[in-house]
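Novice: From first to last, the protein sequence lines are chains V and W. Using the numbering used here, you'd call the opening residue of the first sequence number 4 and step up by one each time. Using the numbering used here, you'd call the opening residue of the second sequence number 1276 and step up by one each time. In this text, a Cβ means the ideal position worked out from N, Cα and C, and glycines have one as well.
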Amino acid sequence: MRLLLTLALRNLFRHKRRTALTASALVLGIALMVLGRAWTAAMETAVVEPARSGTLGHVEVFAKDAAADEGGSVSFIMPQNNYRLIPDPPALIERVLRAEPRLAAGLARLMVGALLSNGDASMEVVLIGIDPKARAAVYPAVELRAGRHFVAGEKGILLNRGVAKRLGATVGSTLVALGNTADGRLAAVKLTVTGLWVVKGLEAYEWGACYTDIAAVQELMDVGDGAGVLVFRQRDLEAPVAPIAASVNAAFARDGVPAVAYTWEEMGGPFIGGMLVTRFIARIMDFVMAIIVAAGVMNTALMSVFERTREVGTLRAVGARRSRILAIFLLEAVFLGVAGAAGGALAGAGLILFFGRAGIPAFSEAQRYSYGGDYLYPTLHWGDVTVVPAMMVVICLLAAFGPALMAARMRPAESLRYV
Amino acid sequence: MASVQVEAATKDYQLGKTTVPALRGVSLAVESGEFMAVAGPSGSGKSTLLNLIGCLDHPTSGRVVIAGQDVAALDDDALSDLRARTLGFIFQTFNLIPVLSALENVEFPLLLRGGPHGGRERARRALDEVGLAGFERHRPDELSGGQRQRVAVARALVTDPVIVLADEPTANLDSATGESLLELMLEINRRDKTTFIFSTHDPRVMERAQRVVRLVDGKLAA
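1) Kindly indicate which residue of W:Thr1335, W:Ile1341, W:His1333 has the alpha-carbon position closest to the one of W:Val1439.
2) Below 9 Å on C-beta distance, what does V:Thr317 contact in chain W?
3) Tell me, to the nearest whole angstrom, how far the beta carbon of V:Ala212 is from that of V:Lys158; I am working on the premise that it is less than 8 Å.
4) Using only alpha-carbon positions, find the residue among V:Glu146, V:Asn121, V:Val154 that is nearest to V:Ala172.
5) Please report whether the beta-carbon of W:Arg1388 lies at a distance below 8 Å from any beta-carbon of chain V.
6) I'd like to know whether the C-beta of W:Glu1443 is nearer than 8 Å to at least one C-beta of chain V.
7) Taking CB distances under 8 Å as the criterion, tell me whether V:Gly353 reaches chain W.
8) Name, please, each residue of chain V whose Cβ falls closer than 9 Å to the Cβ of W:Asp1332.
9) Shortest alpha-carbon distance to W:Arg1414 belongs to which of V:Glu127, V:Ala144, V:Leu10?
10) Given W:Arg1388, which residues of its chain have a CB within under 6 Å of its CB, disregarding the five upstream and five downstream residues?
11) Using a Cβ cut-off of 9 Å, which residues of the segment 317-331 of chain V contact any Cβ in chain W, in chain order?
12) Determine the direct distance from the alpha carbon of V:Leu12 to that of V:Gly204, and round the result to whole angstroms.
13) By a C-beta neighbour count over all protein chains shown, 10 Å radius and 16 as the cutoff for buried, is W:Gly1329 buried or exposed?
14) Residues of the segment 302-314 of chain V with a CB closer than 9 Å to any CB of chain W: list them in chain order, please.
15) Less than 8 Å between the C-beta atoms of V:Leu119 and V:Trp200, yes or no?
16) State the start and end residues of the unbroken alpha helix (DSSP H) segment that holds W:Val1346.
17) Please give the ranges of any beta strand (DSSP E) in the segment 363-420 of chain V, keeping only runs that are unbroken, at least 3 residues long and fully inside the region.
18) Which residues in the same chain as V:Gly347 place their Cβ atom closer than 8 Å to its Cβ, once the five residues preceding and following it in sequence are excluded?
19) Please classify V:Leu24 as buried or exposed, where buried requires at least 16 other C-beta atoms within 10 Å of its C-beta.
20) Kindly indicate which three-state DSSP category V:Trp267 falls into: helix, strand or coil?
21) For V:Gly231, does the count of other Cβ atoms within 10 angstroms reach 16, so buried, or fall short, so exposed?
22) Tell me whether V:Thr197 is buried or exposed, calling it buried when 16 or more other Cβ atoms sit within 10 Å of its Cβ.
23) At the 8 Å Cβ level, is W:Ala1359 part of the contact set with chain V, yes or no?
24) Note down, in chain order, every chain V residue with its Cβ under 7 Å from the Cβ of W:Phe1473.
25) Hey, how far is the Cα of W:Gly1320 from the Cα of W:Val1301?
26) Cβ of W:Arg1430 less than 8 Å from any chain V Cβ?
27) What are the complete beta strand (DSSP E) segments, minimum 3 residues, inside the segment 123-189 of chain V?
28) For V:Asp216, report the span of its beta strand (DSSP E) as first-last.
29) Taking just the CA atoms, how far does V:Phe16 sit from V:Glu269?
30) Show which residues of chain V have a CB atom less than 8 Å away from the CB atom of W:Glu1379.
31) Would you kindly work out how many angstroms separate the C-alpha atoms of V:Arg101 and V:Arg257, rounded to a whole number?
32) Within the same chain, show all residues whose beta-carbon is closer than 7 Å to that of V:Leu88, passing over the 5 residues directly before and after it, in chain order.
33) Whole-angstrom Cβ separation of V:Arg313 and W:Asn1370, contact assumed at under 8 Å?
34) Residues of chain W with CB closer than 8 Å to the CB of V:Arg13, please, in chain order.
35) With 16 as the cutoff for other CB atoms within 10 Å, does V:Ser418 come out buried or exposed?
36) Give the residues of chain W in contact with V:Arg17, contact being defined as C-beta atoms less than 8 Å apart.
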């Protein structure tokens, strides 16, 4: 084995320029792939994390067949005032939290489209009725530009900056929300502006959304204590959410509770759509990069096999089995792959650290949406700088396998005659 | 006892749609410890015969028996092992591995065979025996043609093979170097009773050989 390793290593240095070129391509490809992963991860974090902490939560529980009257499945985008509601939300929240300790807190939410007026100024908004007592635990990303959060019983409302400007409202203004009750009657409720909200990173998605006390929305819709959805936040933010939702659904099925839990990913919405498109494009880029690198390695290996055909014959003549010939060429590919992977991982890590400080600037409005601001700051994760390089070593090995097998299958006499 | 037995061996090569016969029914027995030359003009089938004896190729028909083993019954790994244990090769163009030192080139067949340690010391002794003590660390491109062929001889002999096959070993050497190499191989043959089979054009080799068989157009000449 020692001599095979020596042979493979020295063979790599026979054509220093060619080896350097292939290794450089590997380093560049791997570095870009590593940076690409950090970049997409940062975009996901920039948009999805605020979304999970300000609107989606991690697990959402709807009444069974909640959207039956709306044509089927529940949707983040669909207004939820016509969904079948969950009665006595506090009891179900308590039941879910008891059944699934991986969930930290739950919040009852009821959304409705309404006409919000301040004197003569009016605009259509979406009122997001939430339980003020659970807001901090489930929606920690809802921050204030001005004023304070509303408390239970005061029918307070948080406006976003755009709505406040359109309505000419400030903290302390009294607004009137006009909407429909669940059975179609017109109804109105008075709301006091207690603050202006912001979810950092989600400014582009604020639309006309206003957080208000769920009690106000329930009064407007005349639905008693019903909630459209229960939003839960998990304790370990890095843990996969699917098993948690599955466990909640199992508990519902066991106890005969007419409700269904969805993960934040299932709930989709514009955040997830963008994320999935970005992920898809990133994977395609990875695939293309891997193909280019594999082609380079295969080409190098093929050239090496053709150049050393007589040498393969000599090795076979002195007693080397086919497996040894295979091993020599594969080891060369592994050495090349490991060198490229190490260099690529280091270069990729360097790029991530650099852009982590300097930021990747957004050059368009669309990019600002994806970045959740003017700059994106990728962060270095151990997984990014190990998984891609390790994968590329395997790809190098696979790319060299064909040429190595070709060398191993050469007939000794023919190899020795090769000119 | 015959260390090599070739029975009615033929070898055809396919060049496109044309079949070219390289050997046409050659039968030959080589006794253990013989110093034998296979002579003949270019294209007469000398190298093909050596390839068959060296288990580097299979006959189209006929039988080749090496050290009592019918090579047709052996799979590729077994043939490799037979080459590693029983045969040594010396090539006209030396065929050393350029990235290995002289010592590593000689040690290589020992490492392929595995077995007890001490391969490096044996390789060193083999180099010493061919007069290359002090050249252990030299790469092939740092050695003269004669020195390279000596390294090849050391590589062929380091495993104590039963048979050494030498394909025109002196063809690329000047006369003095060729002569000394021949002397070296004769001495090893006399001392260790190693069987040597040469293919050659070189009259000096033919003069020193115990037996010369001549190949003409793939057949043994009478």
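Specialist: In brief:
1) Counted from its first residue, the second sequence places residue 1439 of chain W at position 164. When only C-alpha atoms are compared, the closest one is W:Ile1341.
2) Walking along the first sequence from the start, residue 317 of chain V turns up at place 314. In chain order: Phe1364, Phe1366, Asn1370, Leu1371, Ile1372.
3) In the first sequence, counting from the first residue as 1, residue 212 of chain V sits at position 209. In the first sequence, counting from the first residue as 1, residue 158 of chain V sits at position 155. That pair is no contact at about 17 Å.
4) As a working mapping, residue 172 of chain V is identified with position 169 in the first sequence. Minimum Cα distance to V:Ala172 is reached at V:Asn121.
5) For the purposes of this step, residue 1388 of chain W is identified with residue 113 of the second sequence, where counting begins at 1. Taking Cβ atoms only, chain V reaches closer than 8 Å to W:Arg1388, which makes this a yes.
6) Here residue 1443 of chain W corresponds to residue number 168 of the second sequence, with the count starting at 1. No, W:Glu1443 does not count as interfacial toward chain V.
7) Residue mapping note: residue 353 of chain V aligns to position 350 of the first sequence, counting from 1. Answer no: the Cβ-Cβ gap between V:Gly353 and chain W never drops below 8 Å.
8) Numbered from its first residue, the second sequence carries residue 1332 of chain W at position 57. Chain V residues near W:Asp1332: Arg414, Pro415, Ala416, Glu417.
9) As a working mapping, residue 1414 of chain W is identified with position 139 in the second sequence. Of the candidates V:Glu127, V:Ala144, V:Leu10, the one whose C-alpha sits nearest the C-alpha of W:Arg1414 is V:Leu10.
10) Along the second sequence, read from residue 1 onward, the residue named residue 1388 of chain W stands at position 113. Correct list, in chain order: Ala1359.
11) Thr317, Leu318, Arg319, Ala320, Val321, Gly322, Ala323, Arg324, Arg325, Ser326, Arg327
12) Here residue 204 of chain V refers to the residue found at position 201 when the first sequence is read from its first residue. Here residue 12 of chain V refers to the residue found at position 9 when the first sequence is read from its first residue. For V:Gly204 and V:Leu12, the distance between alpha carbons rounds to 50 Å.
13) Indexing the second sequence from 1 puts residue 1329 of chain W at position 54. The residue in question, W:Gly1329, is buried, as its Cβ has 16 or more Cβ neighbours within 10 Å.
14) Arg313, Glu314
15) As a first step, residue 119 of chain V is located in the first sequence; it is residue number 116 there, counting from the start. As a first step, residue 200 of chain V is located in the first sequence; it is residue number 197 there, counting from the start. The answer is no: Cβ separation not under 8 Å.
16) Counting from one through the second sequence, the residue named residue 1346 of chain W turns up at place 71. From DSSP, W:Val1346 is part of no alpha helix (DSSP H); its letter is neither H nor E.
17) none
18) For the purposes of this step, residue 347 of chain V is taken as the residue at position 344 of the first sequence. Hits under 8 Å: Leu29, Val30, Leu31, Gly32, Ile33, Ala34, Met36, Val37, Val391, Pro392, Met395.
19) Counted from its first residue, the first sequence places residue 24 of chain V at position 21. Flag for V:Leu24 reads exposed.
20) Indexing the first sequence from 1 puts residue 267 of chain V at position 264. Coil.
21) Along the first sequence, read from residue 1 onward, the residue named residue 231 of chain V stands at position 228. Classification for V:Gly231: buried.
22) Numbered from 1 along the first sequence, position 194 holds the residue referred to as residue 197 of chain V. Classification for V:Thr197: buried.
23) On the second sequence, residue 1359 of chain W is found 84 positions in, with the first residue counted as 1. Closer than 8 Å: yes.
24) Counting from one through the second sequence, the residue named residue 1473 of chain W turns up at place 198. Result: empty, since nearest Cβ-Cβ is about 16 Å, beyond 7 Å.
25) Position 45 of the second sequence, counted from the start, is the residue given in the question as residue 1320 of chain W. Position 26 of the second sequence, counted from the start, is the residue given in the question as residue 1301 of chain W. So the two alpha carbons sit approximately 10 Å from each other.
26) For this step, residue 1430 of chain W is matched to residue 155 along the second sequence. Taking Cβ atoms only, chain V reaches closer than 8 Å to W:Arg1430, which makes this a yes.
27) 124-133, 146-150, 159-162, 177-183
28) In the first sequence, counting from the first residue as 1, residue 216 of chain V sits at position 213. 212-216 is the extent of the beta strand (DSSP E) around V:Asp216.
29) Position 266 of the first sequence, counting from 1, holds the residue named residue 269 of chain V. Position 13 of the first sequence, counting from 1, holds the residue named residue 16 of chain V. The alpha-carbon atoms of V:Glu269 and V:Phe16 are separated by roughly 52 Å.
30) Here residue 1379 of chain W refers to the residue found at position 104 of the second sequence. Neighbours of W:Glu1379 on chain V, chain order: Leu6, Thr9.
31) The sequence position of residue 101 of chain V within the first sequence is 98, counting from 1. The sequence position of residue 257 of chain V within the first sequence is 254, counting from 1. Approximately 14 Å between the Cα atoms of the pair.
32) Here residue 88 of chain V is taken as the residue at index 85 of the first sequence, counted from 1. Taken in chain order, the residues that qualify are Ala66, Val226, Gly229, Ala230, Gly231.
33) Stepping through the first sequence from its first residue, residue 313 of chain V is reached at position 310. Stepping through the second sequence from its first residue, residue 1370 of chain W is reached at position 95. The Cβ separation is near 7 Å, so the contact holds.
34) For the purposes of this step, residue 13 of chain V is taken as residue 10 along the first sequence, with counting starting at 1. Ordered by position in chain W, the residues that pass the 8 Å Cβ test against V:Arg13 are Val1374, Leu1375.
35) Residue 418 of chain V sits at position 415 when you count from the first residue of the first sequence. By the 10 Å Cβ count, V:Ser418 comes out buried.
36) Position 14 of the first sequence holds residue 17 of chain V. Within chain W, the residues near V:Arg17 are Pro1373, Val1374.
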